[in-house]
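Visitor: Positions in the sequence shown are counted from 1; adding 25 to them yields our numbering. For each residue, glycine too, the CB sits at the ideal point set by N, CA and C. Let me give you the structure first, and then I'll get to my questions.
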Amino acid sequence: MTVKKALIPAAGLGTRFLPATKSMPKEMLPIIDTPVIHYVVEEAIASGIEDIIIVTGRGKRAIEDYFDDSPELEMHLAKRHNTELLKLVRDVSSLVDIHYIRQKEPHGLGDAVLRGENHIGDEPFAVLLGDDIIVNDKPCTAQLIEHFEKYGMSTLAVEEIPYEKLSSYGIIKGKPLNESLFTLEDIVEKPAPENAPSNLGAIGRYVFTPEIFDCIKEAGTGVGNEIQLTDGIRLLNNTQTIYACKFKGKRFDTGDRLGYVKSIVDFALENETLREDVLEYLKEILEADENPKQGKTDMIIESLVDKNTTQEYEKLGEE
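In structure tokens, the structure reads:
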């Protein structure tokens, strides 16, 4: 079975980013000059997806407009002979076949997935959360699809979660098959850290067989009086083996304010036109020894970059 359809839930209210998200979908917040959801759609395409369903809600029209044609803007750029920007704009609207489904009320991730049932039908499909960016040469979704095509069973991406954040994730109990692949024994939605079955949390990438829809319906409402995808996964696990895969790649949780800032810093350092200026700015901060807040600044910088990049900053500070 090949996976050609994907569902991207993007109906959340984005309360952690108020007041900005009062008028802008959190999925449209820019990482420098590109909205978060653009990277999610690109990952789906790079994983072989040909048909995407984006589940939206009230106030999310900007997502549809972004992936639509923009004749006025294209005409304006063409008149100014700005061929580079014109190509960028046209490329966005021709990425892939995208359909939009409205989730009238935010009743949970499970309910958002259910909205896509009629369009997906009896085919396997991927789910990519609209505020998780995962960077790797081989996309995370492609890694899951590879496992799915090998075993023919639903597969979810997991990663090690810090103890203090376990209560924010669905945490799995798994039987290891190797160092990166597990069979699912149980999954618990947002447990207290002391009650968590492991430190492996399900993050925003899944591949499901269509049986997940009936399981979500049967599970009904759960934690927070919402329809939880986790509860549907638990029921599905009673009838088929589910695999959990520790994916390769770096994840940015852009639905979290610090995660969003981290993504901007990392992407700026990968941008050839910005990298040197950003490094120079960070060097200025590191050299500001007379600043009484310097110790805190160093801690913030180290939390924003990976170990190798942090070492590079330290070298700059020594120059």
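1. Distance, Cα to Cα, threonine 180 vs aspartate 156?
2. Which residue from Ile228, Tyr91, Asn203, Gly39 puts its Cα closest to that of valine 152?
3. Are there 16 or more other CB atoms within 10 angstroms of the CB of serine 223, so buried, or fewer, so exposed?
4. Does DSSP classify leucine 191 as helix, strand or coil?
5. Which same chain residues end up closer than 7 Å to phenylalanine 233 when comparing Cβ atoms and leaving out the 5 residues on each side of it in sequence?
6. Residues in its own chain within less than 7 Å of alanine 217 by CB, not counting five upstream and five downstream?
7. Do you know how far the Cα of alanine 71 is from the Cα of valine 28?
8. Quick check on DSSP: helix, strand or coil for alanine 227?
9. Along the chain, where does the beta strand (DSSP E) containing phenylalanine 207 start, and where does it finish?
10. Glutamate 312 to glutamate 305, Cα distance in whole Å?
11. Who are the Cβ neighbours of glycine 280 in its own chain at under 6 Å, not counting the five residues just before and after it?
12. Could you tell me whether the Cβ atoms of leucine 254 and leucine 134 are closer together than 7 Å?
13. Using CA coordinates, which residue listed in Arg230, Glu219, Gln265 is at the minimum distance from cysteine 240?
14. What beta strand (DSSP E) runs, 3 residues minimum, are completely inside the stretch 54-96?
15. What does the alpha-carbon distance come out to for the pair glycine 39 and lysine 51?
Guide: Reading off the structure:
1. As a working note, residue 180 is residue 155 in the sequence shown. As a working note, residue 156 is residue 131 in the sequence shown. Cα-Cα distance, rounded: 20 Å.
2. For the purposes of this step, residue 152 is taken as residue 127 along the sequence shown, with counting starting at 1. Comparing alpha-carbon positions, the option among Ile228, Tyr91, Asn203, Gly39 lying closest to valine 152 turns out to be Ile228.
3. As a position in the sequence shown, residue 223 is number 198, starting the count at 1. Serine 223 comes out buried.
4. Against the sequence shown, residue 191 aligns to sequence position 166. Residue state, collapsed to three classes: helix.
5. In the sequence shown, counting from the first residue as 1, residue 233 sits at position 208. Within its own chain, the residues whose Cβ lies closer than 7 Å to the Cβ of phenylalanine 233, once the five positions on either side in sequence are excluded, are Pro149, Phe150, Val152, Ser179, listed in chain order.
6. Here residue 217 refers to the residue found at position 192 of the sequence shown. So the list reads Ser192, once near-sequence residues are dropped.
7. Residue numbering aside, residue 28 sits at position 3 when the sequence shown is read from its first letter. Residue numbering aside, residue 71 sits at position 46 when the sequence shown is read from its first letter. Approximately 12 Å, taken between the alpha carbons.
8. Taking the sequence shown and counting its residues from 1, the one referred to as residue 227 is at position 202. Residue state, collapsed to three classes: strand.
9. Looking up residue 207 in the sequence shown gives position 182. Per DSSP, phenylalanine 207 belongs to the beta strand (DSSP E) from 206-214.
10. The count along the sequence shown starts at 1 and reaches residue 312 at position 287. The count along the sequence shown starts at 1 and reaches residue 305 at position 280. Answer to the nearest angstrom: the Cα atoms are 10 Å apart.
11. As a first step, residue 280 is located in the sequence shown; it is residue number 255 there, counting from the start. Correct list, in chain order: Asp156.
12. Taking the sequence shown and counting its residues from 1, the one referred to as residue 254 is at position 229. Taking the sequence shown and counting its residues from 1, the one referred to as residue 134 is at position 109. A contact, by the Cβ cut-off of 7 Å.
13. Taking the sequence shown and counting its residues from 1, the one referred to as residue 240 is at position 215. Taking only the C-alpha atoms, the option nearest cysteine 240 is Gln265.
14. 76-81
15. Residue mapping note: residue 39 aligns to position 14 of the sequence shown, counting from 1. Residue mapping note: residue 51 aligns to position 26 of the sequence shown, counting from 1. Distance between the alpha carbons of glycine 39 and lysine 51: 5 Å.
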